[in-house]
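Peer 1: The sequence shown lines up with residues -26 to -1, 1 to 162 when you count with mature numbering (1 follows the signal peptide of the UniProt record, and there is no 0).
The beta carbon of each residue, even a glycine, is placed where N, CA and C say it ideally should be.
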Amino acid sequence: PANPAGAAMGALLLAALGLLLAAADADFTVNVLGESDGLVTGQLSDSVILSLPPCSLAGNTVNMVYQQGGTQNKVNLTGIFKVPVCRFKRDLITVIANSGQFTVTRNIGYQVKNLSPATNYTFQYFVGSEKSNAVQAATRTVSNYQDIDDGLPARSGAMVVITVLLSVAMFILIVGLIVTLVLAHCRN
């Protein structure tokens, strides 16, 4: 009889070996940005934000190839930006932290736009003769905004109680006003 745990462990080991071989072929590493980089997420419904090539490649033009998962169609983006010098402001995705007296700007990544929602992609930078690792990312699934229920199906108990209390208070206020006017008129 086959051992399911052993088969799963073998598949995991094979996948790890494949990732290791793919990473060994790369000259530099990039990744999809996330919370540790100062973003809530780097995967949006129609775009993905990738880290920049290393500063050692500053001044070189960056090309990118990406492929939609499950297809053989590759999209080549040429001259998308030049690798910026790390000490200067870059015209890419920036995170700004303002503490009252000074502002810190960090340039953190490149946003690949006009992607399809709920789709897997593979991205790879090419800078001169060097290439990055292949990064896999998926865009988020979007919901049709017309499917969102924006109505209140019923009144909650708290809403009923507040409405009753405010109505009773208004009634008492009006009765008190009438009594005050009648008593003031009777004294004259």
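According to DSSP, simplified to helix, strand and coil, what is Val36?
Peer 2: On the sequence shown, residue 36 is found 62 positions in, with the first residue counted as 1. In the structure shown, Val36 sits in a strand (DSSP, three-state: E or B).
Peer 1: Taking 7 Å as the limit between beta carbons, can you name the residues of its chain near Asp65, skipping five residues before and five after?
Peer 2: Reading the sequence shown from its first residue, position 91 is the one you call residue 65. Any reading at Asp65 needs caution, since the residue's pLDDT is 44, under 50, leaving its predicted position unreliable; the model's value is listed next. Hits under 7 Å: none found.
Peer 1: Under three-state DSSP, which class holds Gly83?
Peer 2: Position 109 of the sequence shown, counting from 1, holds the residue named residue 83. Strand at Gly83.
Peer 1: If I'm right that Asn24 touches Asn37 with Cβ under 8 Å, what's the distance once you round it to whole angstroms?
Peer 2: Position 50 of the sequence shown, counted from the start, is the residue given in the question as residue 24. Position 63 of the sequence shown, counted from the start, is the residue given in the question as residue 37. In the sequence as displayed, the identity of residue 24 is Leu instead of Asn. The Cβ separation is near 13 Å, so there is no contact.
Peer 1: Val6 and Ala111 - do their beta-carbons sit closer together than 7 Å?
Peer 2: Counting from one through the sequence shown, the residue named residue 111 turns up at place 137. Counting from one through the sequence shown, the residue named residue 6 turns up at place 32. Contact flag set, yes.
Peer 1: Since Glu104 contacts Asp1 with CB under 8 Å, what's their CB separation in whole angstroms?
Peer 2: Taking the sequence shown and counting its residues from 1, one reaches residue 104 at position 130. Taking the sequence shown and counting its residues from 1, one reaches residue 1 at position 27. Their Cβ separation, rounded to whole angstroms, is 4 Å, which keeps Glu104 and Asp1 in contact under 8 Å.
Peer 1: Identify, in the order they occur along the chain, each residue of the same chain with its Cβ nearer than 6 Å to the Cβ of Phe100, setting aside the five sequence neighbours on each side.
Peer 2: Position 126 of the sequence shown, counted from the start, is the residue given in the question as residue 100. So the qualifying residues of the chain are Asn37.
Peer 1: Following the continuous alpha helix (DSSP H) through Gly131, name the residue where it begins and the one where it ends.
Peer 2: Position 157 of the sequence shown, counting from 1, holds the residue named residue 131. Per DSSP, Gly131 belongs to the alpha helix (DSSP H) from 131 to 161.
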